[in-house]
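Chemist: In the working numbering, the protein residues as written are 172 to 430.
Pasting in a structure now, in C-alpha cells, and then I'll have a few things to ask.
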Amino acid sequence: MQQKFPYSYSSLSTWSECPHKFYKSYIEHVYLDSGNIYTHSGRIIHQIMQDCIDIKDNNEFLEAAHSLWEKLYLEDWKDEYIDSKFKLVPEDKERFLKIGHSVIQNILYKISSSLTESFGAYTILQKERKTTSKINGIDINGIIDLVIETENNQKIVFDYKLVNPVKWKSPEEIKMHQLNLYKYLIREEYGNIEQSVFIIIPRTDNPKSQLFFVKNTLPEDKTLSWIDNIAFGINNNAFWKNRGKNCYMCQFNKTEHCQ
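Below, the structure is given as C-alpha cells:
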C-alpha cells in the first residue's frame with residue numbers, strides 16, 4: 172500500500188495499540204466521538220502556552236492565561252464530553268473548569284522559571300508548530316510544542332502533557348517514541364537536538380502539585396525500528412483486531428465497526 176498521508180505519533184501509536192482501530196480511524200475516516208473532557212482541556216493548555224509563554228511578568232501571565240482558559244473552555248465545550256466511559260456527570264463541566272484555573276494558578280506560570288532552573292538561560296526557537304519530514308523514507312508529521320536553545324548552544328525539544336502525574340513518573344517505552352520522532356522532525360532545520368523532554372503538568376486542583384520533567388533516554392534506533400515495523404504492517408494491510416485492555420475505551424468497541 173502506498174503511503175496515502177503523513178503518519179504522526181498518534182496514528183503510529185494507534186496502529187501499535189490496535190491495527191483495526193488504525194484502519195477505521197485513518198483509512199476509513201470513521202469518527203464516532205468528538206473528543207473528551209481530557210483532550211478538550213489539553214488542547215486549551217497547549218494554546219495558552221503558545222500564546223503566553225513569552226510573558227515574563229507573572230501577574231500578566233496569570234491574567235492572560237486565566238482569561239484564555241475561561242473563554243476557550245466554554246466556547247469549545249461539547250455536551251458529549253460528559254461520557255459514562257469516563258464516569259463523568261454534568262457537574263464535572265464546572266469541576267474541570269475550576270481545575271484548569273487551579274493548574275494555571277499553581278503550576279503553569281512556573282514553566283518558564285522551571286526551564287531556566289533546570290536547563291539554564293535559554294532562547295525560544297519554536298513554539299506550537301506543525302512540522303513534516305521524512306524518517307527512513309516515511310513521511311511523518313507532528314506538532315512541536317517548544318524548542319529552546321541554551322546558553323551553551325544545546326537545542327532541546329519539549330512536549331507538554333496535562334495528565335495524571337502518577338502514570339508519568341516512569342512512562343512506557345511507546346510514549347518515549349514521540350520525543351524521538353520530534354527530534355528527527357526538526358533536525359533538518361536545527362541540526363542535532365541534544366535532549367528531548369516531556370513537561371508533565373499535573374491535572375489537579377491540589378495547590379501542592381508541582382510540574383516535573385521526564386527526559387528521554389530511549390535509543391533512537393529503537394524508534395526507527397518501531398516506525399519501520401508499523402509501516403511494514405500498514406503496507407501489507409495488516410489490520411487485525413487486537414483484543415485487549417484498551418478495548419473498553421475505544422470508540423469502536425461494541426459498535427457495528429468492531430463486533
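Beta carbons: idealized from backbone N, C-alpha and C, even for Gly.
1. Would you decide whether PRO190 is buried or exposed? Buried here means 16 or more other CB atoms lie within 10 Å of its CB.
2. Three-state secondary structure (DSSP) at CYS429?
3. For a quick check, are the C-beta atoms of LEU352 and TYR180 less than 8 Å apart?
4. Give the C-beta separation of ILE398 and LEU382 to the nearest angstrom, bearing in mind that I take them to be a contact with Cβ-Cβ under 8 Å.
5. Can you check which of these residues, SER182, PRO378 and LYS242, is closest to HIS200 by C-alpha distance?
6. If HIS278 and SER380 are in contact, beta carbons under 8 Å, what's the gap, nearest whole angstrom?
7. In the DSSP assignment, what are the bridge partners of SER367?
8. So the beta strand (DSSP E) GLY313 belongs to, where does it begin and stop?
9. Does the distance from the C-beta atom of LEU215 to that of LEU243 stay below 8 Å?
10. Since PHE369 contacts LYS332 with CB under 8 Å, what's their CB separation in whole angstroms?
11. Nearest-angstrom Cα distance between PHE267 and THR210?
12. Quick check: the Cα distance between GLU365 and LYS386, rounded to an integer number of angstroms?
13. Roughly how far, in whole angstroms, is the beta-carbon of LEU395 from the beta-carbon of GLU344, given that I think they are within contact range, below 8 Å?
14. Short of 7 Å in beta carbon distance, which residues of its chain neighbour ASP254, apart from the five on each side in sequence? Order them along the chain.
15. Is the beta carbon of HIS217 less than 8 Å from the beta carbon of GLU299?
16. Can you list, in chain order, the residues of its chain with a C-beta nearer than 6 Å to that of CYS223? Leave out the 5 residues immediately preceding and following it.
17. For ARG374, is the classification buried or exposed, using 16 other Cβ atoms within 10 angstroms of its Cβ as the cut-off for buried?
18. Can you tell me whether DSSP reads PRO390 as helix, strand or coil?
19. Beta carbon of TYR361, beta carbon of LEU296: below 8 Å?
20. Using C-beta distances below 8 Å, list every residue in its chain close to THR185, excluding the 5 sequence neighbours before and after it, in chain order.
21. Among residues of its own chain, excluding the 5 on either side of TYR280, which ones have a beta-carbon nearer than 8 Å to its beta-carbon?
22. Using a Cβ-Cβ cut-off of 7 Å (strictly less than) and excluding sequence neighbours within five positions of ARG358, which residues of its own chain qualify?
23. Give me the Cα-Cα distance between ASN417 and ASN323, rounded to the nearest whole angstrom.
24. Helix or strand or just coil, what does DSSP make of VAL274?
25. So THR287 is in the alpha helix (DSSP H); what residue range does that whole segment cover?
26. Which whole-angstrom value describes the C-beta separation of ILE219 and TRP240, a residue pair presumed to lie in contact below a C-beta threshold of 8 Å?
27. Taking the alpha carbon of GLU262 as the point to measure from, which residue in LYS338, ASP250 and SER273 has its own alpha carbon closest?
Modeler: So, from the listed chains and residues:
1. Buried, since its Cβ has 16 or more Cβ neighbours within 10 Å.
2. It is a strand residue.
3. In this structure, LEU352 lies near TYR180, with their beta-carbon atoms less than 8 Å apart.
4. Not quite, the Cβ-Cβ distance comes to about 30 Å (not below 8 Å), so this is no contact.
5. That would be SER182, whose Cα lies nearest to the Cα of HIS200.
6. Looking at the sequence provided, one finds Ile at residue 278 rather than His. A Cβ-Cβ distance of about 6 Å is found for the pair ILE278 and SER380, placing them in contact under the 8 Å criterion.
7. By DSSP's assignment, SER367 forms a beta bridge with VAL328.
8. Per DSSP, GLY313 belongs to the beta strand (DSSP E) from 309 to 321.
9. Note that residue 215 corresponds to Ile in the displayed sequence, not to Leu. Yes, these two residues count as a Cβ contact at 8 Å.
10. With a contact defined as Cβ atoms closer than 8 Å, PHE369 and LYS332 qualify at about 5 Å.
11. Cα to Cα, the separation comes out at about 12 Å.
12. The alpha-carbon atoms of GLU365 and LYS386 are separated by roughly 11 Å.
13. Contact between LEU395 and GLU344 fails: their C-beta atoms lie close to 14 Å from each other, not under 8 Å.
14. Here ASP254 has ASN207 as same chain residues with Cβ atoms under 7 Å from its own Cβ, once five neighbours each way along the sequence are excluded.
15. A contact, by the Cβ cut-off of 8 Å.
16. Close CB contacts of CYS223 within its chain, under the 6 Å cut and outside five residues either way in sequence, are with PHE232, ALA235 and ALA236 (chain order).
17. With 16 or more other Cβ atoms within 10 Å, it is buried.
18. Looking at PRO390 - three-state DSSP - the assignment turns out to be coil, as it is neither helix nor strand.
19. Inclusion of TYR361 and LEU296 in the CB contact set at 8 Å is warranted, their separation being smaller than that value.
20. Annotation for THR185: LYS192, PHE193, SER196 and TYR197 place their beta carbon closer than 8 Å to its own, counting only its chain and skipping 5 residues before and after.
21. Closer than 8 Å at the Cβ level, and outside the excluded window around TYR280, lie ASN229, PHE232, LEU233 and ALA236.
22. Closer than 7 Å at the Cβ level, and outside the excluded window around ARG358, lie ILE364.
23. When rounded, the distance between both Cα atoms is 43 Å.
24. VAL274 falls in the helix class under three-state DSSP.
25. Residue range 282 to 290 is occupied by the alpha helix (DSSP H) that includes THR287.
26. Under the criterion of beta carbons closer than 8 Å, ILE219 and TRP240 qualify as touching, at roughly 6 Å.
27. The alpha carbon of GLU262 has as its nearest neighbour, out of LYS338, ASP250 and SER273, the alpha carbon of ASP250.
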